[in-house]
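Heads up, the thing below is written out as structure tokens.
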Amino acid sequence: MLRFIRRALVVGALIGMTGWTGAARAAEPPSVTQLEKEIAALRAEVEALRAQGGPAAERLNEIERQIAVLAQEIETMKLGEAAATADRSNQGMGPAASKIYHSGNGFAAGGYGEVVYHHFDGKLQDGSRSDATDEADLQRAVLYFGYKFNDRFLFNSELEIEHAVTASDKDGETEVEFAYADYLWKPQANLRAGLLLMPVGLLNEYHEPTVFLGMNRNFVETAIIPTTWREIGFGLYGEAGPWRYRTYVTNGLDASRFAADGLGEGSGEGSHAKAEDLAWVGRLDFTGVAGLLAGGSVFTGDSGQGLLDDAGRRIGGRVTLYEGHLDWRWRGLQFRALGVRSRVGDAAAIDRALGLEGEEGIGKAQRGAYAEAGFDLLSLRPGSRQRLIPFVRYESYDTQSEVPAGFERNPANDVRVLTFGFNYYPIDQLVLKTSILRVRNEARTGQNEIQIGLGYVF
Amino acid sequence: MSRKILLLLFTGLAAFAAGPVSAKVFLSVNEALRLVFGDAKVEHQTVFLTTGQRAQAQKLAGGEIKSALVNPYRATRDGKEVGTAYFDSHVVRTLPETLMVVVDPQGKVSRVEVLAFAEPEDYLPPGRWYGQFLGNGLSDELALGRRIRSVTGASLTARATTEAVRRVLAIHQVLRGTGKP
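Residue numbers (my numbering), protein chains in the order written: chain A, 10 to 467; chain B, 1367 to 1547.
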């Protein structure tokens, strides 16, 4: 009996402690597990005492009632916020045992990263010797921080360190990839403002290494859609039926940083981004069939940002980019395709203002497309939680598919890449990858490459 | 510049023309039970799995059953069983979600509802994705990459949901094997 009382005291103390620390921070706090064990043991001891019969039976009934209350308390703690507003009396199930609300501080941390070994072919496409050096690189280490102020307001951010070291003799960078606040209004319309990931393509918003096939991000969504593309702005997002949308107003691109090999450097990245010209981006996706994501996006806005032409007039430099994408999963098969085109207005004026000539001139149009397919071989093995996905991808892009009169296309910017390899996931949050790239361009300076690496997300 | 201001005003107006503030999408336990069982009589049960039951459920689910304490909500109408609801809380990436999984009298999934989701909503699959589970019993086919298709950008949620449904079906099957609940 003494042992029983002692155990009951332990349970009471644990309940008190757990009540203070809150429930919803983790699905299974250790103290809850401990409580469950104690209660199970208590219940067994009650049964043993009851079997002895005698005047203690009434007292035992009371203890059993108390155990039921404690068990309900544990259930409430496990369910967290969902249980907090439950009104069980309406269901004839007795009063909720507790009024525990989510008392967590709302802070969340996570991250992802990728380490890669590059082996470059010793020869270029035309057979000439290459002096490219093989390298090993902590390509990205990203930390995610979020804070949920309440059910309506939350903040999300990612802090990225590229190439491990940021110093004058290294090319590493430290960047804020995004930092925004959300107002969760209703499923159809939520507000977002801050440094936003542009909702363009398949990779830009979902660029963690466990999400895409191959060691590195594909070329089309790097050269034509400058992943990770982010700008400062605000807008709406939501879903209605099978449709999901986003619509943002942001600062425009900066034409003074455009180059022949792409528009990516024109992104403001939230760092004193020029905002003389604004832009609009919108995206619509259809998700009405399980496993299917199909949609498109449009970005449009001037990029002159005060740049003047020869006559001293402001250059508009409207950039309009539109793309369509498809992601389809069926059993172990996954298939992706994307096509994108962009046009730059006043390209000749921008070239002249920047002093660019010949092949160095920016394209007045860019284009790119790719298709990839992979199959999870381990999906054929029942019960497997690992995944082994061989894949193949073909992509074609040109950052100068059209150039203004008086300028020339650089054939090295007209590229085709065939990539094959595999992703191996021992667990969902860790991936080992190998990619073999066959790179060809019209200047015959393409260089084949093997990439081997590791990606993680937590 | 005036065009810029007009653009800002337009977006601002569009934002506030979308309607009054409404309740969040998440449900409480009771709201979820009412949603699925309506006026049926709901009996809240507390079951402590034995070591053997827990081991059997883990084997059937193909994953860990962290808690030996199970709370089925068995619904009946006119004495006839309507279904049994289970609530499962688990971590998706770093934060928890709570699901309700309803099992029909034949042991098949008849409903999956998200009650609480603490991760950014970008990681929440579209509502229709959950329809894949309906009518499924516990089998090797009830797995990601088999009958259940994953979701771009929400693969961890898809995995966590599939595992939760498997856990519930396994526990239900084990309890039914002993005549409970």
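Positions of the beta carbon are idealized from the N, C-alpha and C atoms, including for glycine.
Predicted model, so just to flag it, every value in this text is computed and none were measured.
Could one say the Cβ of residue i lies closer than 8 Å to chain B's Cβ atoms, at least one of them?
i        : result
A/Ala220 : Inspection of the sequence shows that residue 220 of chain A is occupied by Val rather than by Ala. Cβ-Cβ to chain B under 8 Å: yes for A/Val220.
A/Thr296 : yes
A/Ala299 : yes
A/Arg361 : no
A/Lys157 : yes
A/Ala60  : no
A/Leu482 : Nothing can be reported for residue 482 of chain A, as the shown portion of chain A is limited to 10 through 467.
A/Phe467 : yes
A/Arg292 : no
A/Gly305 : no
Report the rounded CA-to-CA distance for residue i versus residue j, giving the unit in angstroms.
i         : j         : result
A/His281  : A/Glu240  : 11 Å
A/Leu389  : A/Leu335  : 24 Å
A/Asp143  : B/Glu1507 : 44 Å
A/Val448  : A/Asp423  : 11 Å
B/Ile1514 : B/Lys1474 : 15 Å
A/Gly462  : A/Leu293  : 34 Å
A/Gly370  : A/Thr329  : 18 Å
A/Tyr403  : A/Gly377  : 11 Å
A/Ala421  : A/Lys132  : 16 Å
B/Phe1483 : B/Pro1491 : 11 Å
A/Glu469  : B/Gln1422 : Chain A is shown from 10 up to 467; residue 469 of chain A falls before or after that span and cannot be answered.
A/Tyr192  : B/Leu1522 : 24 Å
A/Phe308  : A/Leu205  : 14 Å
A/Leu51   : B/His1410 : 21 Å
A/Asp319  : A/Ala358  : 8 Å
A/Gly275  : B/His1456 : 42 Å
B/Ala1530 : A/Ala232  : 40 Å
B/Leu1510 : A/Asn432  : 16 Å
A/Thr296  : B/Asp1488 : 13 Å
A/Leu88   : B/Phe1453 : 7 Å
A/Ala302  : A/Trp337  : Sequence inspection shows Leu at residue 302 of chain A; the Ala mentioned does not correspond to that position. Going from the Cα of A/Leu302 to the Cα of A/Trp337 covers about 6 Å.
A/Ser166  : A/Asn213  : 15 Å
A/Arg323  : A/Ser265  : 12 Å
A/Asp385  : B/Val1480 : 28 Å
A/Arg253  : A/Lys195  : 13 Å
B/Arg1443 : B/Ile1431 : 30 Å
A/Gly242  : A/Arg361  : 30 Å
A/Ala32   : B/Thr1450 : Unreliable placement is indicated for A/Ala32, whose pLDDT of 36 sits below 50; the coordinate value is still reported in the next sentence. Whole-angstrom Cα-Cα distance: 24 Å.
B/Ser1505 : A/Ala299  : 19 Å
B/Gly1404 : B/Arg1440 : 13 Å
A/Gly326  : A/Val258  : 17 Å
Would you say residue i faces chain A, with C-beta separation under 8 Å as the test?
i         : result
B/Ser1433 : yes
B/Gly1418 : no
B/Asp1506 : yes
B/Leu1541 : no
B/Ser1388 : At B/Ser1388, the pLDDT of 28 sits below 50, so the modelled position is not reliable; the number obtained from the coordinates is stated separately. Yes - at least one Cβ of chain A is within 8 Å of the one on B/Ser1388.
B/Val1475 : no
B/Gln1472 : no
B/Pro1492 : yes
B/Pro1438 : no
B/Arg1532 : no
B/Leu1357 : Limits of chain B in this structure are 1367 at one end and 1547 at the other, which puts residue 1357 of chain B out of reach.
B/Thr1528 : no
B/Val1402 : no
B/Ala1484 : yes
Any beta carbon of chain C sitting closer than 8 Å to that of residue i?
i       : result
A/Glu45 : No chain C appears in the structure shown, which is made up of the protein chains A and B.
Exercise for the section: Evaluate contact between the region 174-189 of chain A and the region 380-398 of chain A, counting only Cβ atoms and requiring at least three cross-stretch pairs below 8 Å. Expected result: no
Exercise for the section: Determine contact between the region 1425-1437 of chain B and the region 1526-1536 of chain B, defined as no fewer than three beta-carbon pairs at a distance below 8 Å. Expected result: yes
Handout entry: Complete runs of the alpha helix (DSSP H) confined to the region 306-365 of chain A [at least 4 residues]
Key = 356-363
Exercise for the section: Please specify which runs of the alpha helix (DSSP H), each continuous and at least 4 residues long, are wholly inside the region 1481-1520 of chain B, giving them in chain order. Expected result: none
Practice task
Note down, one range per segment and in chain order, each beta strand (DSSP E) of at least 3 residues found wholly within the region 202-267 of chain A.
Solution key: 239-249, 252-260
Handout entry: Contact the region 71-81 of chain A vs the region 1461-1475 of chain B: 3+ CB pairs below 8 Å
Key = no
Practice task
Specify whether the region 196-209 of chain A and the region 232-251 of chain A touch according to this definition: at least 3 beta carbon pairs, one from each stretch, less than 8 Å apart.
Solution key: yes
Handout entry: the region 205-235 of chain A: positions lying closer than 8 Å to chain B by Cβ
Key = Leu211, Glu214, Tyr215, Thr219, Val220
Problem - Residues from the region 132-155 of chain A in contact with chain B, defined by Cβ distance under 8 Å - result: Gly155
Practice task
At 3 residues or longer, and completely inside the region 391-465 of chain A: list those beta strand (DSSP E) runs for me, N to C.
Solution key: 396-411, 423-436, 439-450
Practice task
Would you list, in chain order, the members of the region 1446-1468 of chain B that have their beta-carbon closer than 7 Å to a beta-carbon of chain A?
Solution key: Phe1453, Ser1455, His1456, Val1457, Arg1459, Thr1460, Leu1461, Pro1462, Thr1464
Exercise for the section: Give the residues from the region 334-347 of chain A that approach chain B closer than 7 Å (Cβ to any Cβ), ordered along the chain. Expected result: Asp336, Arg338, Trp339, Arg340, Gly341
Practice task
Below 9 Å between beta carbons is the criterion; list the residues of the region 421-442 of chain A that meet it against any residue of chain B, in chain order.
Solution key: Asp437, Gln438
Handout entry: Entirely enclosed beta strand (DSSP E) segments - the region 136-210 of chain A, minimum 3 residues
Key = 144-157, 162-171, 182-195, 198-206
Practice task
Report the residues of the region 118-130 of chain A with a CB closer than 9 Å to any CB of chain B, ordered along the chain.
Solution key: Ala118, Gly119
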